[in-house]
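Residue numbers (this note's numbering), protein chains in the order written: chain R, 17 to 294; chain D, 19 to 217.
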């Protein structure tokens with residue numbers, strides 16, 4: 017479908033191939049090529065490492081302890097191999113006839129008991145310390161986990177917007193005060209707004225950029241935007257689900273904290289296409 | 019200087035230990051040893067679950083995937099070929115394939131399907147050369163992902179975690195197929211360089 021007649025067009029399929037995102041037809045074309053192209057084969061091999069590392073990037077969240085039991089039980093049922101260990105039973109039999117040995121042992125035990133008791137007190141103290149430490153560590157883990165959940169929720173909300181079926185794309189162009197600035201917004205009524213910008217001028221103290229969703233009635237504030245040192249922005253905003261169909265998006269400079277309606281210079285403007293992406 | 023080498027050596031040894039513990043556990047699985055399965059589960063259930071949760075965004079579905087993956091590992095352990103690569107890569111490939119199958123089934127049910135390409139999509143390539151990353155490598159690759167130009171990153175994430183096909187990504191981002199192809203390859207080459215820098 018890409019009309020791959022020259023090597024470059026074929027070579028560029030390596031990424032999609034490794035991710036399993038090629039159509040069956042393109043995959044067959046690429047695999048035929050792969051068989052005779054050592055450069056592509058090398059690249060594919062090196063990119064499988066990238067694919068493997070992507071699998072390990074999500075925040076690591078342990079599953080519930082109940083799942084462990086459920087999985088092990090499911091596998092146990094699968095094989096029906098829940099037989100008791102026969103060796104333990106045999107051992108009990110062998111010692112059953114030697115009950116005098118137990119009696120003798122108890123005498124030796126009694127002698128040692130005094131020493132043992134004092135050792136035990138020491139061990140309990142140490143165990144209590146360990147328990148305290150473990151409790152502290154568990155608390156720390158819980159806090160860490162809450163942080164991880166928050167970070168992952170933020171990252172995922174971006175993709176959630178971009179994966180939504182009612183996505184609309186808006187390209188915003190720099191205005192005379194910032195001609196080199198540019199931005200792109202992806203907006204989904206159901207899931208929110210992803211906003212990315214580059215080359216926004218540094219903010220003077222006490223000022224902030226504000227993003228507006230302009231409807232036929234009035235501009236509605238989507239949120240405040242603070243670029244990083246390189247002038248880039250990458251942010252997700254929620255918009256009200258009952259918002260009227262937007263006609264444009266704009267970024268203005270406003271007093272810190274934002275304002276209910278735009279007052280300052282316009283830095284970026286883009287109009288909304290009437291047709292959604294998909 | 020020697021200290022650095024000592025640290026590097028110990029890290030390499032630990033990775034080797036993990037790897038051989040996995041191989042050992044898999045041999046146990048092939049013999050029907052349930053304690054081997056428990057030890058494999060204890061080492062990798064978190065990784066498998068976290069990936070499934072990231073893709074499916076649902077605890078119940080992610081738990082189902084964990085069960086399916088370890089059941090499949092139990093069934094297929096005797097056919098597993100150690101030359102094909104690390105056990106962890108095998109488990110994670112199964113997890114991603116199954117999670118994305120489930121995601122695509124969900125999308126088909128909600129008739130949010132762009133074209134017939136969904137049914138025609140190929141399986142992900144097996145991760146022969148993949149390995150368990152150290153914490154430092156994970157942070158390096160994460161940093162590299164966050165520094166990707168946003169449209170490269172989005173295209174990559176839609177392909178990897180949402181399981182969208184080439185054509186679906188192009189439609190979603192309203193971009194030509196060729197542009198999407200180039201973006202994804204560029205993104206992966208950058209991550210490869212970050213990964214290799216971290217070794």
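Positions of the beta carbon are idealized from the N, C-alpha and C atoms, including for glycine.
This structure is a prediction, so every number in the text was calculated from the model and none was measured.
Item, Value
"Segment limits, beta strand (DSSP E) that includes residue 239 of chain R", "235-241"
"Residue 251 of chain R and residue 207 of chain R closer than 9 Å at C-beta", "no"
"Rounded straight-line distance, which links the Cα of residue 56 of chain R to that of residue 46 of chain R", "9 Å"
"Cutoff 9 Å: residue 158 of chain R Cβ touching any chain D Cβ", "no"
"Per DSSP, cross-strand counterpart(s) of residue 183 of chain R", "R/204"
"Sufficient close CB pairs (3 or more, under 8 Å) joining the region 235-245 of chain R to the region 180-192 of chain R", "no"
"Beta-carbon proximity check, residue 123 of chain D vs residue 44 of chain D, cutoff 9 Å", "no"
"Any chain D beta carbon closer than 9 Å to residue 215 of chain R", "no"
"Short CB-CB distance (under 9 Å) between residue 180 of chain D and chain R", "yes"
"For residue 255 of chain R, three-class secondary structure by DSSP", "coil"
"Inter-residue spacing [alpha-carbon to alpha-carbon] between residue 154 of chain R and residue 60 of chain D", "18 Å"
"Contacts of residue 183 of chain D in chain R (Cβ-Cβ under 7 Å)", "37 and 39"
"Where residue 37 of chain R falls: helix, strand or coil (DSSP)", "coil"
"Straight-line gap, residue 90 of chain R to residue 186 of chain R (C-alpha atoms, nearest Å)", "50 Å"
"Short CB-CB distance (under 9 Å) between residue 70 of chain R and chain D", "yes"
"Contained alpha helix (DSSP H) runs [length at least 4] in the region 144-198 of chain D, N- to C-terminal order", "153-165, 168-178 and 184-191"
"Alpha carbon of residue 231 of chain R to alpha carbon of residue 121 of chain D, nearest angstrom", "35 Å"
"Chain D contact for residue 25 of chain R (CB, 9 Å cutoff)", "yes"
"Stretch-stretch touch, CB-based, cutoff 8 Å, three pairs: the region 159-175 of chain D with the region 203-216 of chain D", "yes"
"Residue 113 of chain D versus residue 87 of chain R - alpha carbon distance", "15 Å"
"Spatial neighbours of residue 294 of chain R in its chain, beta-carbon cut-off 7 Å, leaving aside the 5 residues before and after", "The predicted position of residue 294 of chain R is uncertain, since its pLDDT is 42 and thus under 50; a value taken from the coordinates is nonetheless stated next. Excluding sequence neighbours, residue 294 of chain R sits near 181 and 183."
"Anticipated Cβ contact below 8 Å, residue 68 of chain R with residue 107 of chain D, distance rounded", "5 Å"
"Cβ pair count under 8 Å reaching 3, the region 264-274 of chain R against the region 35-54 of chain D", "no"
"Buried/exposed call for residue 71 of chain R, threshold 16 Cβ in 10 Å", "buried"
"Rounded distance between the beta-carbons of residue 83 of chain D and residue 179 of chain D, thought under 8 Å", "Going by Cβ atoms, the distance from residue 179 of chain D to residue 83 of chain D rounds to 14 Å, so no, they are not a contact pair."
"Check: residue 69 of chain R C-beta below 8 Å from any heavy atom of the ligand FAD", "In the structure shown, the ligand FAD is absent, as is every other ligand, since no ligand is present at all."
"Residue(s) in a DSSP beta bridge with residue 211 of chain R", "R/201 and R/251"
"Range covered by the beta strand (DSSP E) that runs through residue 226 of chain R", "223-231"
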